[in-house]
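**Q** The sequence shown begins at 41 in my numbering and counts up by one.
Handing you a structure now.
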Amino acid sequence: MAMTLFQHVRQRHTPELAALITAIADGAATIERRIRTAGLDDILGAAGSENVQGEAQQKLDVLADNTLIEVLKALPSVAAVVSEEDEEPVIFEGRPNAKFIAIFDPLDGSSNIDVNVNVGTIVSIQALKPGVSVREAILQPGTEQIAALYVNYGPSTILVYTAGNGVHAFTLAEGEFLLSSEDMKMPEQGPYYSMNEGNIGESQLVYGKAISRFRDGTLVGGKKYSSRYVGSFIADFHRTLLKGGVFLYPPTKKAPNGKLRLLYEANPLSFIAEQAGGAASNGRYRILEIVPTEPHVRTPLIIGSQSEVAAIGGLISISP
Ligand code: AHM
Ligand code: MG
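Below is the structure:
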């Protein structure tokens with residue numbers, strides 16, 4: 041039988057980090073069970089509330105958020121959690137030996153749930169160093185992450201993680217995450233660009249230029265690109281990790297700093313992308329070096345294979 045996630049992390053990491061990653065995976069398995077039968081349980085659709093971003097919360101957003109907070113609260117090594125769904129960090133008081141802060145988007149792409157398209161869970165794990173307050177630790181740049189993972193609830197449910205030792209994937213089978221790919225590498229160049237093209241007229245001209253040059257094959261390697269866009273970041277990222285190419289969410293008139301959030305969307309996936317040999321930037325700077333100003337800060341994001349991320353960065357650097 042393939043190695044379990046628990047065996048994998050226990051061999052490579054401290055017992056505390058192994059327990060943390062395993063607990064998040066258990067939470068994801070619970071979320072997965074609810075997603076699989078959502079249409080039967082009256083948990084599809086809006087919860088009737090809004091999150092801190094002013095977005096309508098889906099019932100499954102709330103369920104996934106509560107599930108993750110519960111599993112993380114049960115671990116004495118966790119000092120605090122930050123969730124896309126909650127305005128303020130949840131700090132677990134009275135834990136002098138706590139080492140970790142977990143920052144997550146419990147159910148990314150949740151507007152896709154009702155139409156049975158992939159959704160995902162994304163988690164970034166930061167270290168809480170001695171002498172640093174929880175609030176300061178939350179606002180560290182992504183280079184300080186000690187681990188990052190996502191779960192893609194697709195035709196298979198796949199958990200992908202890195203703890204700075206390469207990128208590894210596990211497939212959920214009968215309640216257990218089993219190793220399905222070890223030391224994954226993103227192709228240096230890929231066949232796809234991935235952007236919400238409805239935003240082209242709403243973003244800086246350089247992004248439209250990049251897309252038309254992907255299409256006519258003049259941007260990277262004389263090759264014409266195909267377009268793929270699910271609109272669920274985890275699905276778009278997972279394809280990019282496996283097949284190569286680039287995903288981009290530029291600043292738009294509606295979202296002048298981009299739509300995606302730095303701490304729990306861009307940072308963890310940038311850590312995974314870099315560990316797999318890919319790259320991620322906001323157009324000018326490496327995502328992982330950006331110092332966050334607040335927990336829910338947004339960023340433009342260009343993430344994927346080295347060649348495409350560099351080519352778009354090159355266009356931006358010479359754009360007026
Ligand atoms: P969410 O965290 O509220 O679900 O929003 C993030 C999602 C991403 O999954 C996806 O990449 C993006 O929003 C799609 O946005 P758009 O519909 O504007 O293309
Ligand atoms: Mg979300």
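Yeah, the Cβ is synthetic: ideal placement off N, Cα and C, and Gly gets one too.
These numbers come from a predicted model, not from an experiment.
Between the C-alpha atoms of GLY160 and LYS225, what's the straight-line distance to the nearest angstrom?
**A** For the purposes of this step, residue 160 is taken as the residue at position 120 of the sequence shown. For the purposes of this step, residue 225 is taken as the residue at position 185 of the sequence shown. Approximately 21 Å between the Cα atoms of the pair.
**Q** Using a Cβ-Cβ cutoff of less than 7 Å, which residues in the same chain neighbour ALA187 once the five nearest sequence positions on both sides are dropped?
**A** The residue labelled residue 187 in the question sits at position 147 within the sequence shown. Excluding residues within five positions, the ones whose Cβ falls inside 7 Å are LEU57, ILE61, ILE165, TYR201, THR202 and ALA203.
**Q** Quick check: the Cα distance between SER89 and VAL102, rounded to an integer number of angstroms?
**A** Your numbering for residue 89 matches position 49 in the sequence shown. Your numbering for residue 102 matches position 62 in the sequence shown. Going by the C-alpha atoms only, they are around 10 Å apart.
**Q** Answer yes or no: do TYR265 and PRO308 have a C-beta to C-beta separation smaller than 8 Å?
**A** Locating residue 265 in the sequence shown gives position 225, where the first residue counts as 1. Locating residue 308 in the sequence shown gives position 268, where the first residue counts as 1. Taking C-beta atoms as the reference points, TYR265 and PRO308 fail to come closer than 8 Å.
**Q** Which runs of the alpha helix (DSSP H), 4 residues or longer, sit entirely within the stretch 234-309?
**A** 245-256 and 273-283
**Q** With respect to 7 Å, is the separation between the Cβ of LEU245 and the closest non-hydrogen atom of the ligand AHM below this value?
**A** Against the sequence shown, residue 245 aligns to sequence position 205. Within 7 Å of the C-beta of LEU245 there is not a single heavy atom belonging to the ligand AHM.
**Q** Which of the three DSSP states, helix, strand or coil, is assigned to ARG175?
**A** For the purposes of this step, residue 175 is identified with residue 135 of the sequence shown, where counting begins at 1. Helix.
**Q** Tell me SER123's beta-bridge partners as DSSP assigns them.
**A** Taking the sequence shown and counting its residues from 1, the one referred to as residue 123 is at position 83. Per DSSP, PHE144.
**Q** So the alpha helix (DSSP H) LEU115 belongs to, where does it begin and stop?
**A** Counted from its first residue, the sequence shown places residue 115 at position 75. Looking at the DSSP string, LEU115 is not in any alpha helix (DSSP H), and its letter there is neither H nor E.
**Q** Between SER234 and TYR269, is the Cβ-Cβ spacing less than 8 Å?
**A** Within the sequence shown, residue 234 is the residue found at index 194, counting from 1. Within the sequence shown, residue 269 is the residue found at index 229, counting from 1. Going by beta carbons, SER234 and TYR269 fall inside the 8 Å limit.
**Q** Would VAL349 and ARG301 be called neighbours here (beta carbons separated by less than 8 Å)?
**A** As a working note, residue 349 is residue 309 in the sequence shown. As a working note, residue 301 is residue 261 in the sequence shown. No.
**Q** By how many angstroms is the C-alpha of ILE358 removed from the C-alpha of LEU212?
**A** Position 172 of the sequence shown, counting from 1, holds the residue named residue 212. Position 318 of the sequence shown, counting from 1, holds the residue named residue 358. Each residue's alpha carbon lies about 45 Å from the other.
**Q** Is GLU216 near the ligand AHM, judged by its Cβ being under 7 Å from some heavy atom?
**A** Walking along the sequence shown from the start, residue 216 turns up at place 176. Answer for GLU216: no, Cβ out of range of the ligand AHM.
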